[in-house]
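Visitor: Mapping to UniProt numbering: the sequence shown position 35 is 35, numbers consecutive.
The structure follows.
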Amino acid sequence: MNTSLHISKSGLNGLQKNLDIISNNIANVNTTGYKKKDGSFQELLLNDLQQESVPLANNADAAINRGTKVIQDQVNFTQGGLVKGQNPYDLAIEGQGFFAVRNRNNELLLTRDGAFAMDENRDLRLSTGERLELNEVIPKGQWPEGELKITSSKEVMVGGQVVARLPIFSVAREGELIPVGQNRFALPAGLQLQELQDSKVHQGFLETSNVDLAGAMTDMIVTQRSYSLNAKVLQATDDMMQRINEYQQ
1 MNTSLHISKS GLNGLQKNLD IISNNIANVN TTGYKKKDGS FQELLLNDLQ QESVPLANNA
61 DAAINRGTKV IQDQVNFTQG GLVKGQNPYD LAIEGQGFFA VRNRNNELLL TRDGAFAMDE
121 NRDLRLSTGE RLELNEVIPK GQWPEGELKI TSSKEVMVGG QVVARLPIFS VAREGELIPV
181 GQNRFALPAG LQLQELQDSK VHQGFLETSN VDLAGAMTDM IVTQRSYSLN AKVLQATDDM
241 MQRINEYQQ
């Protein structure tokens, strides 16, 4: 009975965690550049039926698990769709990689969010203030007057002149990036940036969330039903234990 309670309890905890993951994905379905999270489950340790003193016939070499748990909520970095933006400095990456931005503490962060706007210093910034990293060919103070344009090959041009290049970075192990909120990721110690050459950038476009709303809603329904069934098993086990205790009195 204790094993049944443990299995049901671990199942409820795991399913609740998965519901939280799915709910967060659905809430961000319209968030620019959002990358969904996928929950993965793992069975808890298996115990031999003999060791559990389960009186079943012909149970040699059989085992019973101790439940399940969510072991991680891995970020899924698959490409989202590209849609026309409303800002002339909206940017979208086609292919792998991240924009590099610096926050007000000069910390380097990675993001796929390309909703940039130009400030009075001609820096491209996100709405939360992070500044887009550029490799300047000409010092910014010497840039000519004119509209800033970024080509698909990542050249930054002003007045028909190349003034900078936009680096797009990748990392060897994306799963090790540290989410810090608002679609930003920090680099852990030991993980190095690698500049990509083949990714393209589209000015005037934004990358949509990679959340499949229909699929997420289906996952939520299935998970809610599983949660309900686990709760019923837990209640039934508790009722049986109460009856056993009553008989023993």
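Just so it is clear, CB atoms sit at the ideal spot from N, CA and C, and this is done for glycine as well.
#1: Just curious, the beta strand (DSSP E) that residue 91 is in, first and last residue?
#2: Specify whether the region 114-132 and the region 217-234 touch according to this definition: at least 3 beta carbon pairs, one from each stretch, less than 8 Å apart.
#3: So the beta strand (DSSP E) residue 170 belongs to, where does it begin and stop?
#4: Express the C-alpha separation of residue 225 and residue 131 in angstroms, rounding to a whole number.
#5: In chain order, what are the residue ranges of uninterrupted beta strand (DSSP E) at least 3 long that sit wholly in the UniProt domain "Flagellar hook protein FlgE/F/G-like D1" (92-140)?
#6: Looking at C-beta atoms only, is the number of pairs between the region 25-38 and the region 197-205 that lie closer than 8 Å three or more?
#7: Hey, which unbroken runs of the beta strand (DSSP E) at 3 residues or more fall wholly within the region 163-240?
#8: With a threshold of 16 other CB atoms inside 10 Å of the CB of residue 50, please say whether the residue is buried or exposed.
#9: Is the region 168-183 close to the region 94-101, with three or more CB pairs under 8 Å?
#10: Note down the Cα distance separating residue 14 from residue 24, rounded to an integer number of angstroms.
#11: Keeping to the same chain, check which residues put their C-beta closer than 6 Å to that of residue 53; ignore five residues upstream and five downstream.
#12: Using the Cα positions of residue 38 and residue 200, report the straight-line distance between them to the nearest angstrom.
#13: What span of residues does the beta strand (DSSP E) with residue 154 cover, start to end?
#14: Could you check the C-alpha separation between residue 47 and residue 10 for me, to the nearest Å?
#15: Just curious, the beta strand (DSSP E) that residue 35 is in, first and last residue?
#16: Going by the beta-carbon positions, is the gap between residue 211 and residue 28 smaller than 8 Å?
#17: Does the separation of the CB atoms of residue 74 and residue 190 fall below 8 Å?
#18: Looking at the strands, I want to know which residues DSSP matches up with residue 82.
#19: Are residue 196 and residue 187 close, meaning C-beta to C-beta below 8 Å?
#20: Please state the DSSP three-state secondary structure of residue 44.
#21: Please name the residue, chosen from 7, 26 and 21, that lies closest to residue 209 on a Cα-to-Cα basis.
#22: Measuring only the C-alpha atoms, how far is residue 229 from residue 242?
#23: Do residue 158 and residue 146 have their C-beta atoms closer together than 8 Å?
#24: By Cβ distance below 6 Å, which residues in the same chain neighbour residue 267 in space, the five residues on each side in sequence not counted?
#25: Of all the options 36, 87, 21 and 16, which has the alpha carbon lying nearest to the alpha carbon of residue 183?
#26: From the DSSP output, which residues share a beta bridge with residue 149?
Guide: Taking the coordinates as given:
#1: As a first step, residue 91 must be located in the sequence shown, where it is residue number 91. Counting along the chain, the beta strand (DSSP E) containing residue 91 begins and ends at 91-94.
#2: no
#3: Indexing the sequence shown from 1 puts residue 170 at position 170. 168-171 is the extent of the beta strand (DSSP E) around residue 170.
#4: Mapped onto the sequence shown, residue 131 falls at position 131. Mapped onto the sequence shown, residue 225 falls at position 225. Answer to the nearest angstrom: the Cα atoms are 45 Å apart.
#5: 99-102 and 108-111
#6: no
#7: 168-171, 178-181, 184-186, 193-196, 200-203 and 205-207
#8: For this step, residue 50 is matched to residue 50 along the sequence shown. Note on residue 50: pLDDT 48, under 50, position unreliable in the model; the coordinate value appears next. Residue 50 should be labelled exposed.
#9: yes
#10: Walking along the sequence shown from the start, residue 14 turns up at place 14. Walking along the sequence shown from the start, residue 24 turns up at place 24. Distance between the alpha carbons of residue 14 and residue 24: 16 Å.
#11: Taking the first residue of the sequence shown as position 1, residue 53 is located at position 53. Caution is warranted here: a pLDDT of 47 is assigned to residue 53, below 50, making its placement in the model unreliable, and no coordinate value can be reported.
#12: Against the sequence shown, residue 38 aligns to sequence position 38. Against the sequence shown, residue 200 aligns to sequence position 200. In a straight line, the C-alpha of residue 38 is about 27 Å away from that of residue 200.
#13: Reading the sequence shown from its first residue, position 154 is the one you call residue 154. Neither: residue 154 is in no beta strand (DSSP E) and is coded neither H nor E.
#14: Residue mapping note: residue 47 aligns to position 47 of the sequence shown, counting from 1. Residue mapping note: residue 10 aligns to position 10 of the sequence shown, counting from 1. With a pLDDT of 47 at residue 47, under the threshold of 50, the predicted position of this residue should be treated as unreliable, and no value is reported.
#15: Position 35 of the sequence shown, counted from the first residue, corresponds to residue 35. Looking at the DSSP string, residue 35 is not in any beta strand (DSSP E), and its letter there is neither H nor E.
#16: As a first step, residue 211 must be located in the sequence shown, where it is residue number 211. As a first step, residue 28 must be located in the sequence shown, where it is residue number 28. Yes, these two residues count as a Cβ contact at 8 Å.
#17: As a first step, residue 74 must be located in the sequence shown, where it is residue number 74. As a first step, residue 190 must be located in the sequence shown, where it is residue number 190. Going by C-beta atoms, residue 74 is not nearer than 8 Å to residue 190.
#18: Here residue 82 refers to the residue found at position 82 of the sequence shown. Paired residues: 207.
#19: Walking along the sequence shown from the start, residue 196 turns up at place 196. Walking along the sequence shown from the start, residue 187 turns up at place 187. It is not a contact, given that the beta carbons lie outside the stated cut-off.
#20: Translated into positions along the sequence shown, residue 44 becomes position 44. At residue 44 the pLDDT is 49, less than 50, meaning the model places this residue with poor confidence; the figure from the coordinates comes in the next sentence. Residue 44 falls in the coil class under three-state DSSP.
#21: The residue you call residue 209 lines up with position 209 of the sequence shown. The candidate whose alpha carbon is nearest that of residue 209 is 26.
#22: The residue you call residue 229 lines up with position 229 of the sequence shown. The residue you call residue 242 lines up with position 242 of the sequence shown. Between residue 229 and residue 242, the C-alpha separation is close to 20 Å.
#23: To locate residue 158, count along the sequence shown from 1; it is residue 158. To locate residue 146, count along the sequence shown from 1; it is residue 146. Yes; because the gap between Cβ atoms is below 8 Å, this pair is in contact.
#24: What is shown of the chain runs 1 to 249, which leaves residue 267 out entirely.
#25: Position 183 of the sequence shown, counting from 1, holds the residue named residue 183. With distances taken between Cα atoms, residue 183 lies closest to 36.
#26: On the sequence shown, position 149 is the one that residue 149 refers to. In DSSP, residue 149 forms a bridge with 157.
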